[in-house]
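Numbering (our numbering), first residue to last: 864 to 1069.
Virtual Cβ for every residue (Gly too), placed ideally from N, Cα, C.
Here the structure comes first, spelled out in structure tokens, and everything after it is commentary.
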């Protein structure tokens, strides 16, 4: 096992421990998702070029969302990183944004291996093992916990996350929603989100 993978596994386990223990604070701010996606694009560009995969961030004006920018950055990096693992050379990954009040939906669409219908529901489970499948392959290059963590982080923001696929060999779409600034959902999130305290600051350092 590589040192990098071991570090990632430890970090993922710590994240899950914090999530399940209610020890993750949200530093909420008004966030423009397009520039945030561009930041993730810059991080994955080298790997995408190595694999000859075209990554496209659709440029459009969408309302800002209320979110913890760092945690949503982690979700986007996870989803785009997954798509890179399962898309062959010459393929495409596109990130798009759709407004359906009170949410913005962010979609990551790839031309990769696809997922069978019976496995879609198992994707976001902790340590979900699907033989000869998306998650089984994912665990060869990761911890197999990323999608579970992504789901937990999105749900902390009062959003939802899902995956759809026409079938094996036909690509996959991962999409998740976040509340638009000023919406009732965003107001409720601002009131109820776990706030940072001295305790959570210390816990997040450990």
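Nearest C-alpha to residue 1023 among 901, 981, 1038, 1049: 1038.
Using a C-beta cut-off of 8 Å, the region 1016-1031 makes contact with the region 970-982, since at least three inter-stretch Cβ pairs fall below that distance.
Taking the CA atoms as reference points, residue 984 sits about 12 Å from residue 1011. By the beta-carbon neighbour count (other beta carbons within 10 angstroms, threshold 16), residue 915 is exposed. Between the alpha carbons of residue 1046 and residue 1017 lies a gap of roughly 17 Å.
Residue 923 is positioned such that its CB atom lies no closer than 9 Å to that of residue 894. In the same chain as residue 911, and ignoring 5 residues on each side of it, the C-beta atoms closer than 8 Å to its own belong to 917, 918, 947, 956, in chain order.
Within its own chain, the residues whose Cβ lies closer than 7 Å to the Cβ of residue 936, once the five positions on either side in sequence are excluded, are 899, 902, 903, listed in chain order. Taken through DSSP and simplified to helix, strand or coil, residue 987 comes out as coil. Boundaries of the alpha helix (DSSP H) around residue 933: 932-948. For the options 951, 891, 969, the alpha carbon positioned closest to that of residue 897 is the one of 969. A Cβ-Cβ separation of about 13 Å leaves residue 942 out of contact with residue 1040 under the 8 Å criterion. Going by C-alpha positions, residue 952 is about 15 Å away from residue 972. Comparing alpha-carbon positions, the option among 950, 963, 934, 891 lying closest to residue 926 turns out to be 963.
Per DSSP, the beta bridge partners of residue 967 are 962, 1041. Under the DSSP definition of a beta bridge, residue 1035 partners with 973.
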